[in-house]
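K.L.:
There are 4 protein chains.
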Amino acid sequence: MARPAQAGGRPRESRVDDALGAAVRSLLAETGYAALTVEAVAARAGVGKAAIYRRFATKQEMIFSILVHDLREAPPEDTGSLHGDLEHLTTRIAHQLAQSSAEVMAGLLADIHVDQGLGDTFEQQYLAVERSIVEDLLDRAVDRGELAQRPDPAVVHALLLGPLFAWVIMLDEEPAAVPELARSTARMLTTTLTGAAPDARA
Amino acid sequence: MARPAQAGGRPRESRVDDALGAAVRSLLAETGYAALTVEAVAARAGVGKAAIYRRFATKQEMIFSILVHDLREAPPEDTGSLHGDLEHLTTRIAHQLAQSSAEVMAGLLADIHVDQGLGDTFEQQYLAVERSIVEDLLDRAVDRGELAQRPDPAVVHALLLGPLFAWVIMLDEEPAAVPELARSTARMLTTTLTGAAPDARA
Amino acid sequence: MARPAQAGGRPRESRVDDALGAAVRSLLAETGYAALTVEAVAARAGVGKAAIYRRFATKQEMIFSILVHDLREAPPEDTGSLHGDLEHLTTRIAHQLAQSSAEVMAGLLADIHVDQGLGDTFEQQYLAVERSIVEDLLDRAVDRGELAQRPDPAVVHALLLGPLFAWVIMLDEEPAAVPELARSTARMLTTTLTGAAPDARA
Amino acid sequence: MARPAQAGGRPRESRVDDALGAAVRSLLAETGYAALTVEAVAARAGVGKAAIYRRFATKQEMIFSILVHDLREAPPEDTGSLHGDLEHLTTRIAHQLAQSSAEVMAGLLADIHVDQGLGDTFEQQYLAVERSIVEDLLDRAVDRGELAQRPDPAVVHALLLGPLFAWVIMLDEEPAAVPELARSTARMLTTTLTGAAPDARA
DNA sequence: ATATAAGCGAGACGGTACGTCACGTCTTTGT
DNA sequence: ACAAAGACGTGACGTACCGTCTCGCTTATAT
Chain A
1 MARPAQAGGR
11 PRESRVDDAL
21 GAAVRSLLAE
31 TGYAALTVEA
41 VAARAGVGKA
51 AIYRRFATKQ
61 EMIFSILVHD
71 LREAPPEDTG
81 SLHGDLEHLT
91 TRIAHQLAQS
101 SAEVMAGLLA
111 DIHVDQGLGD
121 TFEQQYLAVE
131 RSIVEDLLDR
141 AVDRGELAQR
151 PDPAVVHALL
161 LGPLFAWVIM
171 LDEEPAAVPE
181 LARSTARMLT
191 TTLTGAAPDA
201 RA
Chain B
1001 MARPAQAGGR
1011 PRESRVDDAL
1021 GAAVRSLLAE
1031 TGYAALTVEA
1041 VAARAGVGKA
1051 AIYRRFATKQ
1061 EMIFSILVHD
1071 LREAPPEDTG
1081 SLHGDLEHLT
1091 TRIAHQLAQS
1101 SAEVMAGLLA
1111 DIHVDQGLGD
1121 TFEQQYLAVE
1131 RSIVEDLLDR
1141 AVDRGELAQR
1151 PDPAVVHALL
1161 LGPLFAWVIM
1171 LDEEPAAVPE
1181 LARSTARMLT
1191 TTLTGAAPDA
1201 RA
Chain C
2001 MARPAQAGGR
2011 PRESRVDDAL
2021 GAAVRSLLAE
2031 TGYAALTVEA
2041 VAARAGVGKA
2051 AIYRRFATKQ
2061 EMIFSILVHD
2071 LREAPPEDTG
2081 SLHGDLEHLT
2091 TRIAHQLAQS
2101 SAEVMAGLLA
2111 DIHVDQGLGD
2121 TFEQQYLAVE
2131 RSIVEDLLDR
2141 AVDRGELAQR
2151 PDPAVVHALL
2161 LGPLFAWVIM
2171 LDEEPAAVPE
2181 LARSTARMLT
2191 TTLTGAAPDA
2201 RA
Chain D
3001 MARPAQAGGR
3011 PRESRVDDAL
3021 GAAVRSLLAE
3031 TGYAALTVEA
3041 VAARAGVGKA
3051 AIYRRFATKQ
3061 EMIFSILVHD
3071 LREAPPEDTG
3081 SLHGDLEHLT
3091 TRIAHQLAQS
3101 SAEVMAGLLA
3111 DIHVDQGLGD
3121 TFEQQYLAVE
3131 RSIVEDLLDR
3141 AVDRGELAQR
3151 PDPAVVHALL
3161 LGPLFAWVIM
3171 LDEEPAAVPE
3181 LARSTARMLT
3191 TTLTGAAPDA
3201 RA
């Protein structure tokens, strides 16, 4: 298994971790998720397979850990309005989606459903964080009086995430249109939640 | 594709096609997408591997063809109002989603991005059909005077599909809540498009 | 060949080589040459197929390498007379022929003609060795004054080998008679070469 | 099974038999024994596979029947001397050997050992015929007084056949030298059997 | 300082599934 | 009942990766 820490002995070389990250990212970009093999990663990183499996239990965990690490980002933020907060969030998600190709996202998503442990990690390290951001954002809107009551954050999350996600990895549409879609989605959601159009700015 | 049709010779046995469909469906339900092997399908269907590869070029094409065939459905339908049409469509998508597990959907989605041919087929046999339904539905709304102008159907499609798919295959939330989410999504979309809440019925 | 040796890395396990040799020999004895499968060899040897294909490029090369290895034998030997040398050689060949069934010998022979590389190996590792033995034996006879001049070694080889080979794998005659045939062949050849009957002993 | 004759119905087309013979011969020449497939034969002959299997039980039987048919040749012949008879016979065998490549002969030989039925046919249609020729030839020599007693025909057969076959299919030596080897073999055998050199002619 | 523990690259190991191919049989349509 | 065409079940092939396990060596820490 991976990462039982260490007591004595030679410490892990951070050089290896760095090389692995770089190798995985470059190979994903070149060959895609499905065609990525551990052997290719090891070769490109100039590393033995054992060094990989000392860090990650499976290939999927390796990719996942490396890519999710890239996603970890700043704490929420209060823009002063529900619409501002929503737009900020959808824009951030749009940025995250743009980091990898649709093929990689889809592959990752598939593996998350295969491996229970991976699914748990995804839930805790990504979904739970996002959901709590949504919760906070909604709470602030309630506090401001923009909302009468707090809607189900999971539903709001789905309404936020869904269109962007569908645009990129289901419909395989123009990625360039994603930022615009992010704004549309935020506007739509604000309208729905508050029952009124957001301040006419965008 | 592996189907150059036939001229003379022994015709394909529909018995084989049927058995393959049943075998794939049952194995997907039992073992999931990732664990499905061609050999297991052949064995369960009582069929040789060659009969499979005579029909499908790859394992992915096999699964895809069989499952997409299941999705093909009735023509649109005019419910008399934009909201009715949207709700009808989201409900239909919700039903389709319920047919397979999230793991299967995610696996399928991943493979669509790997194999160009599969992607094309998906685009033509599923997405294009759905999109034209959306187009028709929007045109009717314009004709009725519900909408001043027709919005981009691709965006509307994403706004429709997205929350449902995200709920099921990204957030891995309760499938039982999908029908309710379908209605919420339709309502939200109607509000956004028309600038007013739908007739207060639901 | 599939043996680019090795530099670093885990060394080949001789246990695997041994198990493969034993498995091939026992399966050849039980099921014959034509019915031998790589999968069966792997299973019996308790070895993965990859370990086999790491050592041998094809099934044929595997069988061939293992069986030819068995044939490698002692250096020539000087019995003091041409007839003694010839008889010694034919007897040795008779022993080699007796090691495998006619079916195996015939299968091997057929594959040698199919695969160029196999043919080369056979030529170098078996035929060339035998031929040089024949050459030495003839040279000694010339030195002793038994022969006036050295006949073509290839022809002598054919005259030696041929009858035994024909008896066993063409005519499929009684293997028990092979030793006697070996002696007859040696006697005949001595007579022909020297123009006189060998010392009347056998 | 093959050739249960026929009662009523459409008669077999000899056109098919001819085409099969030609196809097998040309394919053996072009691609060799091991690479010959029934499908290729059918295609080249412009014939369905069923037509082949109506005539022959297996691929091996097909090849064998067609090639052995080619071998069937004139009855013995009395040249007036043992040496003449032997030389005639070895020369005839040399001619037969020249008809096919070593690869084909070796492949055939291997299959004869695999399939019992094929082995029986070979024994009866080729070996038994040859052996009876040898018997007759030896009987005539006894009658002429050239031999005091008749040696074992099987041994004589092996001594005749062996060197020629070994030259061609084991040693893979120059086929051009076969006629000369045929004469040498006959001479050697005559010397051995009669205890004296043949009339110094060749 | 020396032992111990864990790191390292390399690559062999047992497995498992892939997609291909040929076999010999069967099923259609035509003649 | 023959023919050509070609689909059928079977089963082996050789390939490719997986995740694990040596191998000989290096590098920190704990004695």
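Chains as they are written, first to last, in my numbering: chain A, 1 to 202; chain B, 1001 to 1202; chain C, 2001 to 2202; chain D, 3001 to 3202.
All C-beta atoms in this analysis are idealised placements derived from N, C-alpha and C, irrespective of residue type, glycine included.
Tell me which residue opens and which closes the alpha helix (DSSP H) that Thr-2031 (chain C) is part of.
P.N.:
Position 31 of the third sequence, counting from 1, holds the residue named residue 2031 (chain C). Element bounds for Thr-2031 (chain C): 2014 to 2031.
K.L.:
What distance in whole Å lies between the Cβ atoms of Arg-2044 (chain C) and Ser-2026 (chain C), which are believed to be in contact at a cut-off of 8 Å?
P.N.:
The count along the third sequence starts at 1 and reaches residue 2026 (chain C) at position 26. The count along the third sequence starts at 1 and reaches residue 2044 (chain C) at position 44. Yes, Ser-2026 (chain C) and Arg-2044 (chain C) are in contact; Cβ-Cβ is about 7 Å, under 8 Å.
K.L.:
Count the other CB atoms, across all protein chains shown, that sit within 10 Å of the CB of Glu-1130 (chain B); report buried if there are 16 or more and exposed otherwise.
P.N.:
Numbered from 1 along the second sequence, position 130 holds the residue referred to as residue 1130 (chain B). It is buried - the Cβ of Glu-1130 (chain B) has at least 16 other Cβ atoms within 10 Å.
K.L.:
Of all the alpha helix (DSSP H) runs that stay within the bounds of the region 3125 to 3151 of chain D, which reach a length of 4 or more residues?
P.N.:
The region 3125 to 3151 of chain D contains these whole alpha helix (DSSP H) runs: 3128 to 3144.
K.L.:
How about Ala-2023 (chain C) and Val-2038 (chain C): do their beta carbons lie closer than 8 Å?
P.N.:
For the purposes of this step, residue 2023 (chain C) is taken as the residue at position 23 of the third sequence. For the purposes of this step, residue 2038 (chain C) is taken as the residue at position 38 of the third sequence. Not a contact, by the Cβ cut-off of 8 Å.
K.L.:
Tell me the residue span of the alpha helix (DSSP H) that contains Pro-153 (chain A).
P.N.:
As a first step, residue 153 (chain A) must be located in the first sequence, where it is residue number 153. Start and end: 153 to 165.
K.L.:
So Pro-1179 (chain B) is in the alpha helix (DSSP H); what residue range does that whole segment cover?
P.N.:
Reading the second sequence from its first residue, position 179 is the one you call residue 1179 (chain B). First-last of the alpha helix (DSSP H) with Pro-1179 (chain B): 1178 to 1194.
K.L.:
Quick check on Arg-1003 (chain B): buried or exposed, where buried means 16 or more other Cβ atoms within 10 Å of its Cβ?
P.N.:
As a first step, residue 1003 (chain B) must be located in the second sequence, where it is residue number 3. Annotation note: pLDDT 47 at Arg-1003 (chain B) (below 50); position unreliable, coordinate value reported separately. Exposed, by the Cβ-count rule.
K.L.:
Can you tell me which of A:Ser-81, A:Glu-103, A:Val-155, A:Val-68 puts its alpha carbon nearest to the alpha carbon of Gln-96 (chain A)?
P.N.:
Position 96 of the first sequence, counting from 1, holds the residue named residue 96 (chain A). Per the Cα distances, A:Val-68.
K.L.:
Mind checking Asp-2139 (chain C): buried by the 16 CB within 10 Å criterion, or exposed?
P.N.:
One-based indexing of the third sequence puts residue 2139 (chain C) at position 139. Asp-2139 (chain C) comes out exposed.
K.L.:
Please confirm whether Phe-1122 (chain B) and Ala-166 (chain A) have their CB atoms less than 8 Å apart.
P.N.:
Indexing the second sequence from 1 puts residue 1122 (chain B) at position 122. Indexing the first sequence from 1 puts residue 166 (chain A) at position 166. No. Outside cutoff.
K.L.:
For Leu-3067 (chain D), does the three-state DSSP call read helix, strand or coil?
P.N.:
Residue 3067 (chain D) sits at position 67 when you count from the first residue of the fourth sequence. Here Leu-3067 (chain D) sits in helix by DSSP.
K.L.:
Along the alpha helix (DSSP H) that carries Phe-3122 (chain D), what are the first and last residues, could you check?
P.N.:
What you label residue 3122 (chain D) is simply residue 122 of the fourth sequence in a count that begins at 1. Looking at the DSSP string, the run of the alpha helix (DSSP H) that includes Phe-3122 (chain D) is 3116 to 3122.
K.L.:
On the DSSP letters alone, give me the boundaries of the alpha helix (DSSP H) that Ala-74 (chain A) sits inside.
P.N.:
For the purposes of this step, residue 74 (chain A) is identified with residue 74 of the first sequence, where counting begins at 1. Here Ala-74 (chain A) belongs to no alpha helix (DSSP H), and DSSP marks it neither H nor E.
K.L.:
Quick check on DSSP: helix, strand or coil for Glu-3103 (chain D)?
P.N.:
Working through the fourth sequence from its first residue, we reach residue 3103 (chain D) at position 103. Residue state, collapsed to three classes: helix.
K.L.:
Got a sec: is the Cβ-Cβ distance from Ala-1172 (chain B) to anything in chain A below 8 Å?
P.N.:
Numbered from 1 along the second sequence, position 172 holds the residue referred to as residue 1172 (chain B). Sequence inspection shows Asp at residue 1172 (chain B); the Ala mentioned does not correspond to that position. Closer than 8 Å: yes.
K.L.:
Starting from the Cα of Glu-3146 (chain D), find the closest Cα among D:Leu-3086, D:Pro-3175, D:Leu-3118, D:Leu-3127 and give me that residue.
P.N.:
Residue numbering aside, residue 3146 (chain D) sits at position 146 when the fourth sequence is read from its first letter. Here the closest residue by C-alpha is D:Leu-3086.
K.L.:
Does the region 105 to 122 of chain A come close enough to the region 1175 to 1188 of chain B that 3 or more CB-CB pairs lie under 8 Å?
P.N.:
Flag = no, the region 1175 to 1188 of chain B and the region 105 to 122 of chain A do not touch.
K.L.:
Could you run through the region 3092 to 3107 of chain D and flag, in chain order, every residue whose CB is less than 7 Å away from some CB of chain C?
P.N.:
Residues Ala-3102, Glu-3103, Ala-3106, Gly-3107.
K.L.:
Where do the ends of the alpha helix (DSSP H) carrying Val-168 (chain A) lie?
P.N.:
In the first sequence, counting from the first residue as 1, residue 168 (chain A) sits at position 168. Looking at the DSSP string, Val-168 (chain A) is not in any alpha helix (DSSP H), and its letter there is neither H nor E.
K.L.:
Should Ile-2169 (chain C) be flagged as near chain D, meaning a C-beta pair shorter than 8 Å?
P.N.:
Counting from 1 along the third sequence, the entry for residue 2169 (chain C) is found at position 169. Interface residue, yes.
K.L.:
Going straight from the alpha carbon of Ala-3057 (chain D) to that of His-2157 (chain C), what length do you get?
P.N.:
Locating residue 3057 (chain D) in the fourth sequence gives position 57, counting from the first residue. Locating residue 2157 (chain C) in the third sequence gives position 157, counting from the first residue. Approximately 39 Å between the Cα atoms of the pair.
K.L.:
Could you work out which residue in C:Gln-2060, C:Asp-2172, C:Gly-2009, C:Leu-2082 is closest to Leu-3118 (chain D) when comparing CA atoms only?
P.N.:
Residue 3118 (chain D) sits at position 118 when you count from the first residue of the fourth sequence. Comparing Cα positions, the closest option is C:Asp-2172.
K.L.:
What number of angstroms, rounded off, separates the C-alpha of Val-1178 (chain B) from the C-alpha of Thr-1090 (chain B)?
P.N.:
Residue numbering aside, residue 1178 (chain B) sits at position 178 when the second sequence is read from its first letter. Residue numbering aside, residue 1090 (chain B) sits at position 90 when the second sequence is read from its first letter. So the two alpha carbons sit approximately 10 Å from each other.
K.L.:
Just to make sure I have the definition right: I need the residues of chain A whose C-beta is within less than 7 Å of the C-beta of Leu-1036 (chain B). Which are they?
P.N.:
Residue 1036 (chain B) sits at position 36 when you count from the first residue of the second sequence. Correct list: empty, because the minimum Cβ distance to chain A is about 11 Å.
K.L.:
What is the DSSP secondary structure of Ala-2043 (chain C), reduced to helix, strand or coil?
P.N.:
If you number the third sequence from 1, residue 2043 (chain C) lands on position 43. Ala-2043 (chain C): helix per DSSP, three-state reduction.
K.L.:
Rounded to the nearest angstrom, how far is the Cβ of Leu-161 (chain A) from that of Met-1170 (chain B), given a contact under 8 Å?
P.N.:
Here the question's residue 161 (chain A) lines up with position 161 in the first sequence. Here the question's residue 1170 (chain B) lines up with position 170 in the second sequence. So it is a contact: roughly 7 Å between Cβ atoms.
K.L.:
Within 10 Å of its beta-carbon, does Ser-3132 (chain D) have 16 or more other beta-carbons around it, so buried, or fewer, so exposed?
P.N.:
Locating residue 3132 (chain D) in the fourth sequence gives position 132, counting from the first residue. Flag for Ser-3132 (chain D) reads exposed.
K.L.:
Have a look at Thr-55 (chain A) and Leu-82 (chain A) and give me their C-alpha separation to the nearest angstrom.
P.N.:
Taking the first sequence and counting its residues from 1, one reaches residue 55 (chain A) at position 55. Taking the first sequence and counting its residues from 1, one reaches residue 82 (chain A) at position 82. It is Arg, not Thr, that sits at residue 55 (chain A) in the sequence shown. Near 42 Å, if we compare the C-alpha coordinates of Leu-82 (chain A) and Arg-55 (chain A).
K.L.:
Apply the 10 Å Cβ neighbour rule to Glu-2103 (chain C) and answer buried if 16 or more other Cβ atoms are within range, or exposed otherwise.
P.N.:
Residue mapping note: residue 2103 (chain C) aligns to position 103 of the third sequence, counting from 1. Under this definition Glu-2103 (chain C) is a buried residue.
K.L.:
With 8 Å as the C-beta to C-beta threshold (strictly closer), list the residues of the region 3135 to 3169 of chain D near chain C in chain order.
P.N.:
Cβ contacts with chain C: Ala-3154, Val-3155, His-3157, Ala-3158, Leu-3159, Leu-3161, Gly-3162, Pro-3163, Leu-3164, Phe-3165, Ala-3166, Trp-3167, Ile-3169.
K.L.:
Which bits of chain A does His-1113 (chain B) rub up against, with CB to CB less than 7 Å?
P.N.:
Reading the second sequence from its first residue, position 113 is the one you call residue 1113 (chain B). Those within 7 Å of His-1113 (chain B) in chain A are Ala-102, Glu-103, Ala-106.
K.L.:
Taking Cβ positions only, does Leu-1027 (chain B) come closer than 8 Å to chain A?
P.N.:
Residue 1027 (chain B) sits at position 27 when you count from the first residue of the second sequence. No, because no Cβ of chain A sits closer than 8 Å to the Cβ of Leu-1027 (chain B).
K.L.:
Does chain D have any CB closer than 8 Å to the CB of Leu-2067 (chain C)?
P.N.:
For the purposes of this step, residue 2067 (chain C) is taken as the residue at position 67 of the third sequence. False, the Cβ-Cβ gap to chain D never drops below 8 Å.
K.L.:
Spatial neighbours of Ala-2200 (chain C) within its chain, please: CB distance less than 6 Å, with the 5 preceding and 5 following residues excluded, ordered by chain position.
P.N.:
Walking along the third sequence from the start, residue 2200 (chain C) turns up at place 200. Reliability of the predicted coordinates at Ala-2200 (chain C) is poor, the pLDDT of 45 falling under 50, and no value is obtained from them.
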